[in-house]
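For the record, the sequence lines run as chains S and D. Counting with this note's numbering, you get residues 1 to 668 for the letters of the first sequence. Counting with this note's numbering, you get residues 1 to 142 for the letters of the second sequence.
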Amino acid sequence: MDLNIPRLFGKLGESSDIKINTFGCTTSATSQIIKQSYSPKISIVSTESADRIAKQHSEDIDNIHQLFTYFENSLAYGESYNGSFVSNPIPSNSIANITTSGCVKFVGDTINFIDNKFNSSDELFNLDVYTKDLKDYVRKIDNHIRLLNDSPLDYNSYRKDVHSISNLENSIYLKMLTMLSSSDILSSFECFNHPIMQLAVISGNDSDVAVKDLISSFENKKYPAWYDKSSTLQQFIIIVNKNDNEMLQNALRIQEDLKIKRGKKSNIITIDIELLNNNGDNVDKIELISSLFVQNINEDNKDYENNSILKISKTTYDIWKGILSEIVLKDLILFMDEKMKKWNEEFIQPRTSLTGRLFGGRKWGSNSKPSFFSFGSNQSNNGQTGKANEIVSYNLSGGYYLANSPEMMIRKLGDWYFMLGDYKNAYTTYELVKKDMINDKANTHIASLQQYIIFSLILGATGVPEIPQITLKMISSMINPMINSSFYSFLSRSNLKSYALRFVILTAELYLLLGQKTKLMIQPTDTTLYFNESIDHFKKIIDSQLMDSLSTSFLMQRVAYTFYSFGDTHSNVQNISNPYYEEENLFKLNVLNPNLENLGSTRYRKVQLWLILSAEEINLKEQPIQAQIIIWRLKDELSRDTLNEANTKWLENPKGLFYQIENELETL
Amino acid sequence: MSYYLTIIGSNNAPVYELDIGSYKQNSNGIFKFPDNINNLKQFIANSSLDILENIQFNSQQHYFNNIDSFYGYSTFIFLTQSNIKYIILTNSKNLDESIRQFFIELNELYLKKLLSPFYDYNSPINSKFFTTRVKNIAKKYL
Chain S
1 MDLNIPRLFG
11 KLGESSDIKI
21 NTFGCTTSAT
31 SQIIKQSYSP
41 KISIVSTESA
51 DRIAKQHSED
61 IDNIHQLFTY
71 FENSLAYGES
81 YNGSFVSNPI
91 PSNSIANITT
101 SGCVKFVGDT
111 INFIDNKFNS
121 SDELFNLDVY
131 TKDLKDYVRK
141 IDNHIRLLND
151 SPLDYNSYRK
161 DVHSISNLEN
171 SIYLKMLTML
181 SSSDILSSFE
191 CFNHPIMQLA
201 VISGNDSDVA
211 VKDLISSFEN
221 KKYPAWYDKS
231 STLQQFIIIV
241 NKNDNEMLQN
251 ALRIQEDLKI
261 KRGKKSNIIT
271 IDIELLNNNG
281 DNVDKIELIS
291 SLFVQNINED
301 NKDYENNSIL
311 KISKTTYDIW
321 KGILSEIVLK
331 DLILFMDEKM
341 KKWNEEFIQP
351 RTSLTGRLFG
361 GRKWGSNSKP
371 SFFSFGSNQS
381 NNGQTGKANE
391 IVSYNLSGGY
401 YLANSPEMMI
411 RKLGDWYFML
421 GDYKNAYTTY
431 ELVKKDMIND
441 KANTHIASLQ
451 QYIIFSLILG
461 ATGVPEIPQI
471 TLKMISSMIN
481 PMINSSFYSF
491 LSRSNLKSYA
501 LRFVILTAEL
511 YLLLGQKTKL
521 MIQPTDTTLY
531 FNESIDHFKK
541 IIDSQLMDSL
551 STSFLMQRVA
561 YTFYSFGDTH
571 SNVQNISNPY
581 YEEENLFKLN
591 VLNPNLENLG
601 STRYRKVQLW
611 LILSAEEINL
621 KEQPIQAQII
631 IWRLKDELSR
641 DTLNEANTKW
651 LENPKGLFYQ
661 IENELETL
Chain D
1 MSYYLTIIGS
11 NNAPVYELDI
21 GSYKQNSNGI
31 FKFPDNINNL
41 KQFIANSSLD
51 ILENIQFNSQ
61 QHYFNNIDSF
71 YGYSTFIFLT
81 QSNIKYIILT
91 NSKNLDESIR
101 QFFIELNELY
111 LKKLLSPFYD
121 YNSPINSKFF
131 TTRVKNIAKK
141 YL
């Protein structure tokens, strides 16, 4: 039968050459999600007539923003993307690489601050909604697994479809990770979700009033004191019907008005709207998969699997792709580059230069610090927000820095470096501002800053895994204390559970990535260090009991996958010839179990332990299929390297957990 | 304080298992692991073999003190020349030397068992006499 895998994640691996791992999704897929979630954001606003044109692309598209999310993958993966997910990870470590790949994330009108969004310290996501969404997704996957085969699901059918089932199962963790890292909520202490560009899309038929409304909604709005409007570039796209001359004339007039009167850049895009409505077979169509993050945008739309594929003509695809990549590569990146150079000169160089070091012991524009060497406190205790040129930059009661304060600008510069994959500069920039924030007792800011210092360090190290840049000493003396203090700050001081969860889980994922990359090198170094760190951080979340039992179960499966990685990518295998004594002493041959080539380097028994733990966490009545699959995986693992059945029998004893779960599943 | 003892043969299959309760520190000799550990103890002991395999050929020692741990439960292993493993899983603290002594006497007992013409190497031990002797050694040291 034709397998109806959920398109959003099921497509991963289905058409790519990523080797499907039966224990969990590969780190190349998870690192793609992490890097894409920290890519520059483009906020999309559109007029009603532009949305009407977007709707003609497909029945499932309601507005321009939804249409653009289908182009996120093709922008991220360049020309090689052709309607399917390719396995090449996003290039990192070089601005040049990022600019050619153009990885961006399209978000809605997130800077349209209304009501609750004005709060400077919102949670990234609601944990209850997250739990419900995850359960829904697992239910959906369970249904797909049931429908995989006409016969009822048993161990034989599981073995037969093991790859399809593993693909579906792995998608659950990817989904979990996406939900953790996909929030568009703006916060005062990190700038990743502050859109770098606002792309206003209008049609050639739009009136001057509609255009004016769009501009004034951006320019004349009252923004919170921590939001910097000047670091958001506003640009326009005017859609014109190919066969409508009048529309084109109007568009040209709007373009001129925008340029002369408002100083805004705009691009005209000519689309054959008749072609959009042509559903005939004679048109060369292309399939686009929607963004991994799109589901969070359409929380109400539960039937996303049907609208996650967009079929459009090759011509239309080329037109949109062309204009979007031009905007990203020429306008967005150039804008970022200019701003970063400016901020660098304005804020970084005075601090790092010799004169800056000698005489820069005080804040810029401030003579308030008597100490020659210290970067002292610069906070406002009375809660006033202050004006741009005031000395006070940190609002203690509100818990935010003013948008144009040096601390915030340096933080933003670091975030922009991070977004462009320049982790080395991001790290040094973050370090530069840390001391000021500590003096100001800006706890949430410090916690967030430390989070990205750690991310920069690990991601920077993954770029050159042949030279281990993160040593045991660094981990124990610098990274782990920072992780502990940030985790505590997020949880206890700031009451931001979602940030704490995202931080530690992503750190664990990055350690796993670093471990696997290092292990792939010809001379593998002590990669167990990174794997152990990864496991410790997953355990930290499991032990904190911040998440529901289903998520905990998947985290435990991730721990199992990390243990599995100890032996999985073992490349430095030495050929060992049979020692002479093995011929004389038959008992010695038994030591060959499991395999002398990788004896001691694997952790398959740990995998078994964590798999059974994860099965225990699952509610057998609610998710029997999930528990059953774990038990089958465990059975496969138990038969991996046993010479006789005694080993399995020992672990399957009637008083043991394995037997109990298996028995309970049979009675269901 | 309680102890879970298992002897693993050279083929990594279990030969012998025993739950031991301590008589020291006002304990009454009753074995009491919490349920969630009790029904996992075989898996925990088995998983520590991964760590043992990692270090056993780089070390000359027989006794591996606190080789692995799982949520407050430590694993102690005594490795014989013939790759038989005596494993203890316990929540006791600071009893390294006692456990080592226990292992040494257990090893003597096991060697005597091996000398028996009715016992096959690596086969399960079902002798009540053996259990009594093990319990006596445990009473002495644990």
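Using N, Cα and C, we set each Cβ at its ideal position, and we do this for glycine too. Since we're looking at a predicted model, the values are computed, not measured.
- Residue range 63-70 is occupied by the beta strand (DSSP E) that includes ASN65 of chain D, with no alpha helix (DSSP H) assigned at that position.
- THR232 of chain S sits in coil when the DSSP states are folded into three classes, being neither helix nor strand.
- In the pairwise beta carbon analysis, the region 51-64 of chain S is classified as not touching the region 477-489 of chain S: fewer than three pairs are separated by under 8 angstroms.
- Within chain D, no C-beta atom comes nearer than 9 angstroms to that of ILE542 of chain S; the closest sits roughly 10 angstroms away.
- Per DSSP, reduced to three states, the secondary structure at GLN56 of chain S is coil, with no helix or strand assignment.
- If you look at ASN267 of chain S, you'll find it in the beta strand (DSSP E) that goes 265-271.
- Beta bridge pairing from DSSP links GLU17 of chain D with D:THR6.
- For the region 60-79 of chain D, there are no residues whose beta carbon sits under 7 angstroms from a beta carbon of chain S.
- From the listed residues S:GLU346, S:LYS314, S:ILE268, S:GLU509, the smallest Cα separation to LEU252 of chain S is found for S:ILE268.
- Taking all protein chains shown into account, TYR121 of chain D has fewer than 16 neighbouring C-beta atoms within 10 Å of its C-beta and is therefore exposed.
- Secondary structure remark: continuous alpha helix (DSSP H) runs of at least 4 residues inside the region 26-101 of chain D, in chain order: 35-38, 41-55.
- Segment contact: the region 184-199 of chain S against the region 441-452 of chain S, three or more CB-CB distances shorter than 8 angstroms; contact assigned.
- Among the residues of chain S, those whose CB is under 9 angstroms from the CB of LEU49 of chain D are ARG605, following chain order.
- Among the residues of chain D, none has a CB under 9 angstroms from the CB of LEU332 of chain S; the nearest is roughly 49 angstroms distant.
- Around the beta carbon of ASN495 of chain S, a 10 Å sphere encloses fewer than 16 other beta carbons of the protein chains shown; the residue is thus reported as exposed.
- Contact residues of the region 608-627 of chain S toward chain D are GLN608, LEU609, ILE612 (C-beta to C-beta distance below 7 angstroms).
- Close to chain S, meaning a Cβ-Cβ distance shorter than 9 angstroms, are the following residues of the region 30-42 of chain D: ASN36, ASN38, ASN39, LEU40, LYS41, GLN42.
- With its beta carbon at least 8 angstroms from every one in chain S, PRO117 of chain D lies outside the interface.
- Linking LYS311 of chain S to GLU287 of chain S through their CA atoms gives a straight-line distance of about 5 angstroms.
- Put simply, the CB of ILE44 of chain D is near chain S, with a gap under 8 angstroms to one of its CB atoms.
- Taking 9 angstroms as the Cβ-Cβ cut-off, the region 120-136 of chain D approaches chain S at TYR121, ASN122, PRO124, given in chain order.
- Apart from sequence neighbours up to five positions away, the residues of its chain that approach SER639 of chain S with a beta-carbon distance below 8 angstroms are THR648, ordered along the chain.
- Boundaries of the alpha helix (DSSP H) around LEU665 of chain S: 657-667.
- Neighbours of GLU53 of chain D in chain S, taken as residues whose beta carbon is under 7 angstroms from its own, are LEU599, GLY600 in chain order.
- In this chain, the beta strand (DSSP E) harbouring GLU287 of chain S covers 285-289.
- Taking all protein chains shown into account, THR602 of chain S has 16 or more neighbouring C-beta atoms within 10 Å of its C-beta and is therefore buried.
- Just measuring C-alpha positions, the residue of S:ALA500, S:ILE454, S:THR429 sitting nearest ILE479 of chain S is S:ILE454.
- By the Cβ test, the region 174-183 of chain S is not in contact with the region 44-64 of chain S, since fewer than three Cβ pairs between them sit closer than 8 angstroms.
- The alpha-carbon of SER448 of chain S is positioned some 37 angstroms away from that of ILE37 of chain D.
- Within its own chain, the residues whose Cβ lies closer than 7 angstroms to the Cβ of ALA461 of chain S, once the five positions on either side in sequence are excluded, are GLN469, ILE470, LEU514, listed in chain order.
- According to the DSSP assignment, PHE129 of chain D belongs to the alpha helix (DSSP H) that extends over 128-141.
- Between LEU657 of chain S and chain D, the shortest Cβ-Cβ separation is below 8 angstroms.
- Of all residues in the region 526-537 of chain S, the ones placed with a Cβ closer than 9 angstroms to any Cβ belonging to chain D are THR528, in chain order.
- Annotated three-state conformation of ALA50 of chain S is helix, per DSSP.
- Distance from the CA of ASP415 of chain S to the CA of ASP161 of chain S, rounded to the nearest whole angstrom, comes to 44 angstroms.
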